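So the structure is just underneath, and the comments pick up after that.
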Amino acid sequence: MNDSPHTNIDVELLSLPKCRRLPGEVISPLTYTNDIVNFDHWDHMFITNCCRSLTLYDFDGPPSTILDLGCGRGLWAIEAAKQWQGSTVVGFDIERTQPRSDVLEKSVSRRLRWVQGNLLEQLPFLTGQFDFVRMVRMGLHIPEDEWPSVLAEIARILKPHGVLEVIEEDLLFPSQSTRSHDVTPSSGQSSGSSTQGSVVTATSYHKSVSSLKVKNNTNTSLDTFSGTSSTSLPSILDTKLRHPKPPDPQDHSRLQRAWEEMLDTYFLSPQPLSVLPLYLSLSFSNIRSHPPLQIPLPLNSSDRQQLTTQHSISTVQLDPATLFELRALSAQPSSEADYSARASAMTAGGSQRSMSSWACMHLARTVRTIVGCKESIWSAYERLYGDDPTPLVVRTTQQKSTSAWSDLRPSPTNPLRDYFERDWINWANDMADRTSVRGHMQAELTWSEPVGKPPDWRLWRNSLPQEDACSSQDESAEYCRSLRGFVCFKS
């Protein structure tokens with residue numbers, strides 16, 4: 041019997057029509073590159089090191105038939121075939137990028153096969169065929185309205201008492217909230233949490249002027265509309281458009297807004313960890329999980345230097361084996377305070393110190409995923425800002441030669457792409473600074489600084505005004521990754 045409080049809406053959710061995706065369409069904003077493969081390998085090592093096993097669930101004995109959904113290059117499937125020598129393993133993916141069987145050991149290749157297909161369609165497997173199904177980080181490929189049908193299909197191919205393991209993460213765009221935030225197109229709302237220093241877009245300017253003309257025709261005072269009696273709104277907006285404030289290199293709100301627009305276009309949930317418990321409960325009655333592993337966004341180099349000067353850094357370490365301890369999901373709401381406390385203990389200031397050696401790699405992993413979506417993000421950026429001429433005006437602003445924008449030349453064919461590239465370079469340099477690969481090599485391997493030209497991110501950071509070099513952080517926590525595993529048992 042399913043103890044989930046959501047069982048009364050099972051039928052309603054599962055009967056919803058699939059109206060957003062065309063039959064046979066593949067949802068993949070991500071371009072799968074070798075860099076992403078490398079971080080897949082790092083993720084595999086991180087999780088297996090924490091779990092001391094290939095799986096979150098501790099099996100009494102190796103499962104005999106295994107399916108790895110969304111297997112990518114097949115690293116985990118190959119490792120499973122090597123370790124579980126009596127098991128048959130199937131790797132399923134839309135791309136044919138797995139190694140050929142003749143390059144694998146015969147003892148492995150004879151028990152391992154690759155199958156190509158679309159996860160969003162009916163799976164080409166028999167009912168009750170597998171003892172164990174695994175699915176990792178598929179949030180960028182499964183629209184939110186199709187999670188119920190995907191999970192129902194997995195339940196179909198599992199044997200009675202079979203196990204499903206899902207490891208998923210929220211689709212975060214890592215960036216630190218800053219003092220100023222851009223304005224979303226066709227609105228006066230800030231895309232960030234702060235409304236200070238908002239940029240006035242040409243779209244809002246034209247709307248304001250149009251409204252002003254209407255008010256003038258009806259003999260309405262400008263004072264009521266503009267909130268001031270000394271200066272009219274058109275003159276204020278004209279001044280800001282003719283002499284715009286140079287864009288804040290640390291304000292990544294336009295890119296973040298484009299990331300969110302991209303997810304919305306594909307109907308991808310930005311927070312699958314929040315919706316998965318519900319969708320899993322529609323097909324499985326016994327679900328176990330652990331507190332989300334939330335990795336704080338690493339500090340930039342200026343903030344790190346300030347923190348090191350003011351405070352000593354603790355060397356207390358968390359036990360990785362405790363990060364993925366499973367317990368019944370149905371029991372968690374009744375002890376929500378304890379559950380939240382455990383999650384917070386992993387993400388608060390103390391754990392930021394203990395996770396410092398991990399955080400840079402987790403950030404690099406998230407950044408690499410977003411880089412793989414660059415062209416999809418550009419398409420969303422173009423839809424959002426394509427009709428907004430503000431970038432053309434900003435392009436006339438005189439900036440320091442060390443800024444990311446100064447190296448770019450306005451393109452006569454697509455100036456908006458230049459503006460996008462400026463935003464992208466600023467964000468990439470900010471993230472490279474926070475990742476601090478050189479710093480960790482120096483600290484942990486005692487490597488000296490390479491001789492030659494400083495890296496681009498350091499030039500970028502040094503080009504910022506001194507008062508802006510340190511980020512103006514909100515009190516709320518900022519994360520670069522939020523990861524969680526679920527283990528489900530078929531009745």
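Using the numbering used here, the letters of the sequence shown correspond one by one to residues 41 to 531.
Note that CB positions come from ideal geometry on N, CA and C, so glycine has one too.
Because the structure is a prediction, the values reported are computed rather than measured.
7 Å Cβ shell around residue i - same chain, five flanking residues per side excluded
i	result
Y319	W187, P188 and L191
H201	F529 and K530
E65	none
T406	L212, P214, C520 and R521
H402	I335, C520 and R521
R60	P183, D185 and F307
Boundaries (first-last residue) of the beta strand (DSSP E) holding residue i
i	result
C111	Segment: none, C111 is in no beta strand (DSSP E) and carries neither H nor E.
DSSP beta-bridge partners of residue i
i	result
T128	T105
Q334	S522
S208	Before going on, a small fix: residue 208 reads as Glu here, not Ser. E208 is bridged to R524.
S329	R367 and F526
D532	Any property of residue 532 remains undetermined from this structure, which presents the chain solely from 41 to 531.
Residues near residue i in its chain [Cβ-Cβ closer than 6 Å; skip 5 each side]
i	result
S544	For residue 544 there is no data in the structure shown, the boundaries of the chain being 41 and 531.
S141	S149
L523	E209 and L333
L363	C90 and L333
Unbroken alpha helix (DSSP H) run spanning residue i, endpoints
i	result
Q156	Careful: Q156 lies outside any alpha helix (DSSP H), inside the beta strand (DSSP E) at L152 to Q156.
F460	P455 to T475
E415	K414 to Y425
M302	S293 to T305
S149	K146 to S149
DSSP three-state assignment for residue i, whether helix, strand or coil
i	result
F79	helix
H201	strand
F172	strand
K493	coil
F99	coil
Q123	helix
L163	coil
P312	helix
T406	helix
M401	helix
S88	Correcting the residue type first, residue 88 is Thr in the shown sequence and not Ser. Correct three-state label for T88: helix.
R140	coil
L504	coil
L180	coil
V66	coil
R498	helix
L115	helix
D343	helix
Y72	coil
R60	coil
L191	helix
P214	coil
L94	coil
L320	helix
8 Å CB neighbourhood of residue i in its chain, flanking five on each side removed
i	result
H84	L115, W116 and E119
V491	none
G126	P102 and S104
S476	P338, S341, R344 and C400
S68	I134, L180 and H181
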